[in-house]
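Enquirer: Chains as they are written, first to last, in the numbering used here: chain A, 3 to 357; chain B, -9 to 225. Just passing along the structure, written as structure tokens.
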Amino acid sequence: MSDFFAIDLTLRQGRFVLHLAARLGETAAVVGPSGAGKTSLLEAIAGLRRAEGRIAVGGEVLQDSAAGVFLPPERRRLGYVPQDGALFPHLSVLRNLTFGRPSARPSTDADLAALVALLDLGSLLTRYPRHLSGGERRRVALGRALLAHPRLLLLDEPTTGLDPVRARKALAGIRRVHQELGVPLLVVTHQPQEALALASEVLLLDGGTVRAVGPARQVLLAPGVLAQEGGRRWENYVRGTLVRHHASGGSTEVRLDGGEAVTIPHTPDLAEGADLLLSIDAEDLLLATAPPVGLSARNAVAGRVDELIPVGSSVYARVGPWLAHLTPAAVAELGLAAGSPVWLVAKTHSWRVVA
Amino acid sequence: MIRRDSRGDPTIETGQIVLFTLAAAAAATALNLAPGIAMAWLLSRRGWRGRTVVETLVSLPLVLPPTAVGLALLLLFGRNGPLGRPFYAVFGFDIAFTWRGVVLASAIMSFPLLVRSARSAFEEIDPRLPAVARTLGRGPWRAFFEVELPLAWRGVLAGTVLSFARALGEFGATILVAGNIPGRTQTLALALFQEVQMGRDREALELAGIAALLAALALGLSEALMRRREKTLAD
């Protein structure tokens, strides 16, 4: 695990105490339920809230209470993007974007143009925040933070309040920004799937302490995490590479990072060799105990049930990195148990290209 | 021009009094502006000790008899008062029974109106906005002047107009601190009182009419500003 971001902090809010110590890499997520102090944590990292302890980003110490170091927020160079964007209502989109732009840099106009194109803000520049949709506000807020050239982006619940389609678009935008500009990310979210989509390392918060830190999948797919999530609709996120298009078959072939080949709906606008983030709902993954034959579904991947996670009145089967949503009746009928060999089956059109 | 009443006695110079009243109210408002905005901002912050005490002190002139405030000011700023004496020693002039007393009394009496209106405007601001401005490289002062003040300015302006209107009509505190000296400390309200005492009802009514007109203009302006602010917020 890298130590791009090192934190050892104690946050107090009334009687609530959050203590956390961790070292994280350049794409990290803090996952925890609402009320776990995630927003306060981001505010403390940004220097907006006093907390005891030490914070270092990229080797630079932003705060070290023991040594009497406390950089004020304006000198931390962290790109804080609050939950719904918190745009300045009295300024146009353009002036919001350029608010934090370092005026001394000669390259700033080019930066602005590139970012406007990247985040698709061209048509919004003269508008005011009150006339923007939730998704647009977040994009502007992301752009505003990025134009200040932050050493780390702090994203607070980047998709809360957006419908699933817009949420995926927002995640795609953040990933694109990360890939194109190479800005490190720290996301706080209550949605494990969002953390999986954006971060390679995850810190799991629970009751004011760190319950687990580590690679995203390992932490978030560990037994019990999902059960605690309370059976929220789960989207599987997986990365892969586009192999080739089959125009006549109406499909596109993708090789997943795990080596499996899957077919997704034909997406001619993506180039062969492109790096993709795909998603599929746990509801849309079927389990079969034998290799499926005579089925219209085009994707079948062999695997083994790692565990069965009861959540409310249903069961999630974890097969490698995948979660499939089942009824207890189906589990009984198929005689599924940890260790059972299974085939995961999915329709081509159940796959979505996130980014 | 010296005006004469029906008996031929000289009466008060109306134009001069109106000008003096406007000038004194403007000076009082100007004096209040910076401390008023600072106080409003401070009171809009939550969670500091002594906030309730400060809040009460600031609002006191709204509920106390103005003459009680005037008496307190007279005791403090009279030539032998604990503030008036050093002031005289340093600057060589008096506050009590001069135009400065008029300005001081109207300033103190109108201060709470400015603070209340400006404070509620600051309270309406999403606290994350100045916070985000800080993360975008602004120090606390620049965050205030570039984000908080522009967002609160209608409330600040409305409060300024309101306190100006209050200062125009100030009577009770002024008459104790500054007296009622024609040509020196006499404002519209004080002149009106004098006319009534002298039995010149027609002249008194005339002054009352002028005072009503000025106050109505100021209040109308304040209302219009508040309404536009509500509209902006509702958008």
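Even for Gly, the Cβ is constructed at its ideal location relative to N, Cα and C.
So, is the C-beta of residue 124 of chain B closer than 9 angstroms to a C-beta in chain A?
Expert: Indexing the second sequence from 1 puts residue 124 of chain B at position 134. Chain A, which has a Cβ nearer than 9 angstroms to the Cβ of residue 124 of chain B, makes this yes.
Enquirer: Residue range of the beta strand (DSSP E) that residue 143 of chain B falls in?
Expert: Here residue 143 of chain B is taken as the residue at index 153 of the second sequence, counted from 1. Segment 139 to 158 is the alpha helix (DSSP H) holding residue 143 of chain B; no beta strand (DSSP E) there.
Enquirer: Can at least three beta-carbon pairs, one atom from the region 205 to 219 of chain A and one from the region 7 to 27 of chain A, be found at a separation below 8 angstroms?
Expert: Touching, yes, given that three or more Cβ pairs across the two stretches are closer than 8 angstroms.
Enquirer: How many Å lie between residue 238 of chain A and residue 182 of chain A at the Cα?
Expert: Position 236 of the first sequence, counted from the first residue, corresponds to residue 238 of chain A. Position 180 of the first sequence, counted from the first residue, corresponds to residue 182 of chain A. Residue 238 of chain A and residue 182 of chain A: Cα-Cα distance of roughly 24 angstroms.
Enquirer: Would you say residue 25 of chain B faces chain A, with C-beta separation under 9 angstroms as the test?
Expert: Within the second sequence, numbered from 1, the residue matching residue 25 of chain B stands at position 35. Chain A, which has no Cβ nearer than 9 angstroms to the Cβ of residue 25 of chain B, makes this no.
Enquirer: In the DSSP assignment, find the unbroken beta strand (DSSP E) run with residue 211 of chain A in it and report its ends.
Expert: For the purposes of this step, residue 211 of chain A is identified with residue 209 of the first sequence, where counting begins at 1. Looking at the DSSP string, the run of the beta strand (DSSP E) that includes residue 211 of chain A is 211 to 217.
Enquirer: When you compare the CB of residue 102 of chain A with every CB in chain B, is at least one pair closer than 9 angstroms?
Expert: As a first step, residue 102 of chain A is located in the first sequence; it is residue number 100 there, counting from the start. Yes, residue 102 of chain A counts as interfacial toward chain B.
Enquirer: If you measure beta-carbon to beta-carbon, which residues of the region 45 to 58 of chain B are closer than 9 angstroms to chain A?
Expert: So nothing in the stretch comes that close.
Enquirer: At least one CB of chain A closer than 9 angstroms to the CB of residue 137 of chain B: is that the case?
Expert: In the second sequence, the residue the question calls residue 137 of chain B occupies position 147. Yes, residue 137 of chain B counts as interfacial toward chain A.
Enquirer: Report all residues from its chain with a CB closer than 8 angstroms to the CB of residue 117 of chain A; omit the five preceding and five following residues, and keep chain order.
Expert: On the first sequence, position 115 is the one that residue 117 of chain A refers to. Same-chain partners within the cutoff: 99, 123, 145, 148 and 149.
Enquirer: Using a Cβ-Cβ cut-off of less than 8 angstroms, give me the residues of the region 49 to 62 of chain A that come near chain B, in sequence order.
Expert: Answer set for the region 49 to 62 of chain A: 49 and 50.
Enquirer: Under 9 angstroms between the Cβ atoms of residue 18 of chain B and residue 91 of chain B?
Expert: Within the second sequence, the letter at position 28 stands for residue 18 of chain B. Within the second sequence, the letter at position 101 stands for residue 91 of chain B. In this structure, residue 91 of chain B does not lie closer than 9 angstroms to residue 18 of chain B by Cβ.
Enquirer: Could you give the C-beta distance for residue 279 of chain A and residue 357 of chain A, rounded to a whole number, given that I count them as a contact under 8 angstroms?
Expert: For the purposes of this step, residue 279 of chain A is taken as residue 277 along the first sequence, with counting starting at 1. For the purposes of this step, residue 357 of chain A is taken as residue 355 along the first sequence, with counting starting at 1. Yes, they are in contact, since the Cβ atoms of residue 279 of chain A and residue 357 of chain A sit about 5 angstroms apart, within 8 angstroms.
Enquirer: Quick check: what's the CA-CA separation for residue 213 of chain B versus residue 155 of chain B?
Expert: By one-based count along the second sequence, residue 213 of chain B stands at place 223. By one-based count along the second sequence, residue 155 of chain B stands at place 165. Using only the alpha carbons, I get a separation of about 12 angstroms.
Enquirer: Does the beta-carbon distance from residue 258 of chain B to residue 142 of chain B come in below 9 angstroms?
Expert: What the structure shows of chain B is the stretch from -9 to 225, and residue 258 of chain B is not part of that stretch, so it cannot be assessed.
Enquirer: If we ignore side chains and look at the alpha-carbon of each, how far apart do residue 214 of chain A and residue 223 of chain A end up?
Expert: Counting from one through the first sequence, the residue named residue 214 of chain A turns up at place 212. Counting from one through the first sequence, the residue named residue 223 of chain A turns up at place 221. Between residue 214 of chain A and residue 223 of chain A, the C-alpha separation is close to 11 angstroms.
Enquirer: Quick one: using the 10 Å Cβ neighbour count with 16 as the cut-off for buried, is residue 193 of chain A buried or exposed?
Expert: Taking the first sequence and counting its residues from 1, one reaches residue 193 of chain A at position 191. With 16 or more Cβ atoms within 10 Å of its Cβ, residue 193 of chain A is classed as buried.
Enquirer: With burial defined as no fewer than 16 other Cβ atoms inside 10 Å of the residue's Cβ, what is the status of residue 121 of chain A: buried or exposed?
Expert: Against the first sequence, residue 121 of chain A aligns to sequence position 119. Label assigned to residue 121 of chain A: buried.
Enquirer: Give the DSSP-derived three-state secondary structure of residue 316 of chain A in the structure shown.
Expert: Numbered from 1 along the first sequence, position 314 holds the residue referred to as residue 316 of chain A. Strand, per DSSP.
Enquirer: Note down the Cα distance separating residue 143 of chain A from residue 167 of chain A, rounded to an integer number of angstroms.
Expert: One-based indexing of the first sequence puts residue 143 of chain A at position 141. One-based indexing of the first sequence puts residue 167 of chain A at position 165. Distance between the alpha carbons of residue 143 of chain A and residue 167 of chain A: 19 angstroms.
Enquirer: Would you list, in chain order, the members of the region 94 to 120 of chain B that have their beta-carbon closer than 7 angstroms to a beta-carbon of chain A?
Expert: So the list reads 116, 118 and 119, given in the order they occur along the chain.
Enquirer: With DSSP as the reference, please indicate the residues paired to residue 78 of chain B in a beta bridge.
Expert: Here residue 78 of chain B is taken as the residue at index 88 of the second sequence, counted from 1. Its beta-bridge partners do not exist; DSSP assigns none.
Enquirer: For residue 233 of chain A, which three-state DSSP category applies?
Expert: Position 231 of the first sequence, counted from the first residue, corresponds to residue 233 of chain A. Confidence is the limiting factor: at residue 233 of chain A the pLDDT is only 49, short of 50, which leaves the residue's position unreliable and the question unanswerable from this model.
Enquirer: Using DSSP's beta-bridge definition, name the partner residues of residue 281 of chain A.
Expert: Counting from 1 along the first sequence, the entry for residue 281 of chain A is found at position 279. A:239 and A:354, per the DSSP bridge assignment.
Enquirer: Using DSSP's beta-bridge definition, name the partner residues of residue 22 of chain A.
Expert: Counting from one through the first sequence, the residue named residue 22 of chain A turns up at place 20. Note: residue 22 of chain A sits in a beta bridge opposite A:11.
Enquirer: Are residue 302 of chain A and residue 294 of chain A touching if we call contact CB-CB under 9 angstroms?
Expert: One-based indexing of the first sequence puts residue 302 of chain A at position 300. One-based indexing of the first sequence puts residue 294 of chain A at position 292. Yes, the Cβ-Cβ distance between residue 302 of chain A and residue 294 of chain A is below 9 angstroms.
Enquirer: So, is the C-beta of residue 2 of chain A closer than 9 angstroms to a C-beta in chain B?
Expert: For chain A, the structure presents residues 3 to 357; residue 2 of chain A sits outside this window and is missing.
Enquirer: Please list the segments of the beta strand (DSSP E) lying wholly inside the region 104 to 175 of chain A, counting only runs of 3 or more residues, in order along the chain.
Expert: Correct list: 154 to 158.
Enquirer: Counting along the chain, where does the beta strand (DSSP E) carrying residue 330 of chain A start and finish?
Expert: Within the first sequence, numbered from 1, the residue matching residue 330 of chain A stands at position 328. Counting along the chain, residue 330 of chain A falls outside any beta strand (DSSP E), though it belongs to the alpha helix (DSSP H) covering 330 to 336.
Enquirer: Between the C-alpha atoms of residue 296 of chain A and residue 211 of chain A, what's the straight-line distance to the nearest angstrom?
Expert: Translated into positions along the first sequence, residue 296 of chain A becomes position 294. Translated into positions along the first sequence, residue 211 of chain A becomes position 209. So the alpha carbons of these two residues sit roughly 51 angstroms apart.
Enquirer: For my contact list, residue 249 of chain A and residue 218 of chain A are in at a C-beta cut-off of 8 angstroms; report their separation, rounded to the angstrom.
Expert: For this step, residue 249 of chain A is matched to residue 247 along the first sequence. For this step, residue 218 of chain A is matched to residue 216 along the first sequence. With a Cβ gap of about 35 angstroms, residue 249 of chain A and residue 218 of chain A do not count as contacting.
Enquirer: With 16 as the cutoff for other CB atoms within 10 Å, does residue 134 of chain B come out buried or exposed?
Expert: Here the question's residue 134 of chain B lines up with position 144 in the second sequence. By the neighbour-count rule (16 or more Cβ atoms within 10 Å), residue 134 of chain B is buried.
Enquirer: Ignore the nearest five residues each way along the sequence and tell me which others in residue 124 of chain B's own chain have a CB closer than 6 angstroms to its CB.
Expert: For the purposes of this step, residue 124 of chain B is identified with residue 134 of the second sequence, where counting begins at 1. For residue 124 of chain B, where only same-chain residues beyond five positions count, the Cβ hits under 6 angstroms are 133.
Enquirer: Looking only at C-alpha atoms, which of A:334, A:189, A:257 and A:333 sits nearest to residue 30 of chain A?
Expert: By one-based count along the first sequence, residue 30 of chain A stands at place 28. For the residues A:334, A:189, A:257 and A:333, the minimum Cα distance to residue 30 of chain A belongs to A:189.
Enquirer: So residue 140 of chain B contacts chain A; which residues on that side make the cut at Cβ distance below 7 angstroms?
Expert: Here the question's residue 140 of chain B lines up with position 150 in the second sequence. Within chain A, the residues near residue 140 of chain B are 92.
Enquirer: Once DSSP output is grouped into helix, strand and coil, what is the label at residue 3 of chain B?
Expert: Here residue 3 of chain B is taken as the residue at index 13 of the second sequence, counted from 1. Coil, per DSSP.
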